[in-house]
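Right, one structure below, let's go through it.
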Amino acid sequence: MSDNTTSRDTLPENVRPVKITEQLQTSFINYAMSVIVDRALPDVRDGLKPVHRRSLYSMYKLRNFYNTKHLKSARVVGDVIGKYHPHGDTSVYDTIVRMAQDFSLRYPLVDGHGNFGDADGYKPAAMRYTEVRMSKICGEMVADLEKETVDTVPNYDNSEEIPVVMPNKLPNLLINGTSGIAVGMATNIPTHNLTEVVNATVALMRNPELTVDDLMQYIPAPDFPGGGIIYGQNEIKRAYRTGNGKAIIRAKTSIDDDGNGRQKIVVTELPYGVGPAEIEKKISECIRDRTIEGITRVNNGSTKNVHIEIFLRQNESPEIVLNKLFQQTRMQISFPINMLALVNNRPEVLNLKQIIEYFIKHRKEVVTRRTVYDLKVARERAHRLEALLVALSNIDEIINIIRSSANRQAAHEALMAHPWKYGDLSSLIQVDASGRELCKPEYIDAAFGIRDGFYYFSDPQTTAILDMPLHRLTNLERSKISEEYGELTASIKYYLEILGSEELLRNIIIEELEEIRNTYGDARRSVIETNTAEITKKDLVDPVSAVITLSHAGYIKYQPLSEYEAQKRGGRGRRATLVKDEDVIDSMYVVNTHDTVLCFTSRGKVFSINVYDLPEASSNSKGRPIVNMLRLDENESIQTIVPVNSFEENKFLFFATSNGYVKKTKLSAYKNVNAQGLRAIKLDEGVSLVNVALTSGSDVIGLFSSDGRACLFNEYSPLTPTADATVDAESENEEGADVAEEAADVSADVENDAEGSEDDALVIGPNYKGGVRASGRVSRGVRGMNLAKGHQVVSMMVVDATLPYVLIATENGFGKRSPVADFPLRRRNAKGVIAIKGEDRNGRVIGAVQVTDGDEIILINNAGILVRTRVDEVSVISRYGQGVRLIRLDEGLKLVSVQRVVKTDDEEQNEAEAPDAEGSAGAADAENAADDLSADVPGAAANPADDDADI
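Count the sequence shown with this note's numbering and you get residues 3 to 953, in order.
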């Protein structure tokens, strides 16, 4: 060991070595407990931390009440740190400032005069400039403090006594809340409405068996100083039940007109702890950085009340902008709730009922101690008055003893030793059941007072007699003494009754609470919204019409419908999407961005996806492979898509397959589609889905085949209610119902043939059940159209009575409009009637849609070229005609899809004719006219022989 190293043996006697690890552990625990108990956490009884309690006690000692003049803040701060809180003045002043801020506390405890900061975080003026005093409601916190209602402890230098808790009459921990960070723990309790909290407290006192859920009938949620809208009832319930949870708070907004034809969002309330300047700054950043589109400017007109105006662009959706503001700014916050407080100097996480129970227990103790104090004071006063009454009854003898005494001490001893008559006072001096005088203090010995028929003065009584002034010997003074003694006797009886009755004690506390509620109670500021505040992607997407394109290779995307302008018939169109080499566009759909899209696959499965979850891309983008969005099996592809707004019980999905089969299933059966998909329909080998559509259950269905035929029949199936109710369950697991109905179809065909009926006539045989009954989700269905060999169903439509025409398109770009009335109603499984002729020129039919005047259609070929044209430009021709040119196709191209579009009012009209790349627009129209003239001479196709061919 080196010479300069002190050995254990050479240490002074008053120094002992310790391990540094043990010392660190001990010191840290002491520090942690000091922070927990003496700094960061509130007491459950009064809701105050030590610095708050010391500040209010200092103001109480300074008599700095609400009805006195304000004192300089520096005066109060100096008194606090000099007597009770030996720390820096900043912490004390900040505490007093916060208790004066009406945006921090729901019911401020300090009445401040001067600049005490604002919600934007601007600092208050220095303490030498501001003035403070207690608020009126704070007087209820310190009421009865002088009546020994709470325990006290010495201050830091043992020169003063400090109350360990305030005798507060109101549940301050709940109404004003608190927040604090200790060591390894933190508390965050929101503010509440005083009226609601008092009502809950009274209810619990009257029925201690109430649960937290019962108390929430009185306290449904926090109530913040700045108002706002509270969401997240489930989380609030969890917080009240367990002590931990959260509340979602949103700004209160309205949508107004700015006077220039545009809309603006007006913010009038903000979440707790959020200032208007902060919101203005953040929104300005969003405008500058373009993180929120649609806002032109923001104006903060807030003074005492919040008033922020957010101006929007023309035709901008304020709801969508609001949702983005809630997501990207502090116009919506999550307020964490952790109801941690000190119970007997130990931190505990409490639920709502426990906090109220501890307050009630505290109030019972305070009122009991106050009553004991009042009883003691009343007895001491009555005890002295009793002596004065006895002395006045024996005044001559009293005077003689005093005169004959050598000094005051001798007179005092002589008066105490002398027995006194009290006969005329026997009715006034009352005794309790044990025979003890009612007004005798507990500490007075039984030897004094009434004994052996005489009255003996105690030491305090004798002192009162000797101190009695001569003017009290008058009859008037004697009457006053007797009257006061009687009042004190009644008070003593009342105090004893309180101490002996739990019910009376409870009623007193309830009465005081109700008085506080009637004096300070106010209306709730924060609005409670039962809906969830969760902002989904749907809330951030404007509900607009869009076009979905799906290529043969499985690339999918959507574009707003407004990007496509209408063109003249015969135009070359514009590119709808970019496709790879050897890839073609299979299908195209017009939807709303808020729709749920049911995607039916080639293998009869269904997947669900939101439109807004699809990739939004430009016309020069090919989109995204749908296999990356849906869990498709190998060689499985999407066949058709059905947009759905809501899954109603009285709605159905109607299926049509390429082999002429149809099926009807309740829409609700497809409501819950998981990521793995569901089985939607049973498909035979080589059969594909043609279409799936929503129906009401009693619609007319139209099937169109590739050879230009159409079959329209009633969807409704007149089954008995019992049979219709059980068919879903039966056909979900077996195919017996489908087989039976197919047998009925064959039987009906035989009857038609036997009767020599034409297919144009609606014939119902004894075995025909009408239309299509509802079947299970995984059934195959029944035959809907009797197809010619080599042909298949290409379109299925639900006939709309408001759409008078059927527009048919063929693969070579030709088509026509024909009145719906030209298509007679058929039975299911009929061969149908001619819908369009000219297969040599037109090629096969690729689709049919229902339209009306003013509609538009979108045509798309297998190269991804799209043309949008007005229906009015397509000639109305009988169902026997060949049609007109709809789209000009280059060599090798085929038309693959036709879709009806309803033009919106705000879409820009484009009436100018678009010239094609090979010649003028006029040349194109001339060529189209020539096509029309050669193909559709009126009446040319109206040959009775053709009708016979439909049989």
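Even for Gly, the Cβ is constructed at its ideal location relative to N, Cα and C.
Is it right to say residue i is buried, meaning 16 or more other beta carbons lie within 10 angstroms of its own, or is it exposed?
i: proline 169; result: buried
i: histidine 89; result: exposed
i: asparagine 236; result: exposed
i: isoleucine 183; result: exposed
i: asparagine 863; result: buried
i: histidine 364; result: buried
i: tyrosine 131; result: exposed
i: aspartate 45; result: buried
i: histidine 194; result: buried
i: lysine 955; result: In this structure the chain extends from 3 to 953, so residue 955 is not present and cannot be described.
i: phenylalanine 816; result: buried
i: glycine 234; result: buried
i: lysine 266; result: buried
i: aspartate 709; result: buried
i: glutamine 219; result: exposed
Smallest Cα separation from residue i: which of the options?
i: asparagine 477; options: Ile397, Ser428, Pro443, His414; result: Ile397
i: lysine 254; options: Gly261, Phe337, Lys665, Tyr274; result: Tyr274
i: arginine 902; options: Cys441, Val847, Arg130, Ile810; result: Ile810
i: leucine 314; options: Ile510, Leu352, Asp258; result: Asp258
i: methionine 418; options: Asp461, Ala380, Lys51; result: Asp461
i: alanine 671; options: Leu655, Val664, Val82, Asp686; result: Leu655
i: leucine 891; options: Val644, Arg881, Gln884, Leu868; result: Leu868
i: arginine 240; options: Asn178, Val214, Ile848; result: Val214
i: tyrosine 718; options: Asp701, Arg711, Gly710, Phe706; result: Asp701
i: tyrosine 676; options: Asp48, Glu841, Lys607, Asp855; result: Just to set this straight, residue 676 is asparagine in the shown sequence, not tyrosine. That would be Lys607, whose Cα lies nearest to the Cα of asparagine 676.
i: lysine 818; options: Val873, Ile401, Asp842; result: Val873
i: leucine 978; options: Leu107, Thr532, Met207, Leu147; result: Residue 978 is absent from the structure shown; the chain starts at 3 and stops at 953.
i: glycine 778; options: Leu669, Arg828, Met798; result: Leu669
i: tyrosine 591; options: Thr298, Val167, Ser547; result: Ser547
i: glutamate 875; options: Asp524, Gly856, Ile512; result: Gly856
i: phenylalanine 226; options: Pro617, Asp104, Val99; result: Asp104
Please list the terminal residues of the continuous beta strand (DSSP E) segment that includes residue i.
i: glycine 247; result: 246-252
i: alanine 850; result: 847-853
i: alanine 413; result: Premise fails: alanine 413 lies in the alpha helix (DSSP H), 410-419, not in any beta strand (DSSP E).
i: leucine 217; result: First-last for leucine 217: 214-217, but that is the alpha helix (DSSP H), not the beta strand (DSSP E).
i: glycine 451; result: 451-453
Could you round the C-beta distance between residue i and residue j to whole angstroms and report it? I think they count as a contact, below 8 angstroms.
i: aspartate 389; j: alanine 449; result: The sequence given here has alanine at residue 389, not aspartate. Not quite, the Cβ-Cβ distance comes to about 15 angstroms (not below 8 angstroms), so this is no contact.
i: threonine 293; j: glutamine 330; result: 6 angstroms
i: valine 796; j: serine 707; result: 7 angstroms
Which first and last residues belong to the alpha helix (DSSP H) in which residue i is found?
i: methionine 187; result: Methionine 187 -> no alpha helix (DSSP H), and no H or E assigned at all.
i: aspartate 104; result: Aspartate 104 -> no alpha helix (DSSP H), and no H or E assigned at all.
i: leucine 506; result: 504-522
i: phenylalanine 328; result: 320-330
i: isoleucine 404; result: 397-406
i: glutamate 311; result: Not the alpha helix (DSSP H): glutamate 311 falls in the beta strand (DSSP E), residues 310-314.
i: proline 52; result: 52-63
i: asparagine 201; result: 196-208
i: asparagine 844; result: 841-844
Between residue i and residue j, what straight-line distance do the alpha-carbon atoms span, to the nearest angstrom?
i: valine 886; j: phenylalanine 825; result: 20 angstroms
i: isoleucine 860; j: valine 900; result: 6 angstroms
i: valine 604; j: alanine 823; result: Note that residue 604 is serine in the sequence shown here, rather than valine. Taking the straight line from one Cα to the other gives about 34 angstroms.
i: phenylalanine 602; j: valine 692; result: 10 angstroms
i: asparagine 117; j: alanine 128; result: 9 angstroms
i: glutamate 415; j: tyrosine 445; result: 19 angstroms
i: threonine 244; j: isoleucine 191; result: 13 angstroms
i: glutamine 794; j: alanine 832; result: 14 angstroms
i: leucine 352; j: valine 644; result: 52 angstroms
i: tryptophan 422; j: asparagine 66; result: 49 angstroms
i: threonine 28; j: valine 185; result: 14 angstroms
i: aspartate 159; j: lysine 85; result: 8 angstroms
i: glycine 455; j: arginine 383; result: 23 angstroms
i: asparagine 301; j: glutamate 516; result: 44 angstroms
i: phenylalanine 609; j: asparagine 647; result: 15 angstroms
i: leucine 13; j: proline 19; result: 9 angstroms
i: leucine 501; j: valine 374; result: 8 angstroms
i: tyrosine 497; j: leucine 377; result: 6 angstroms
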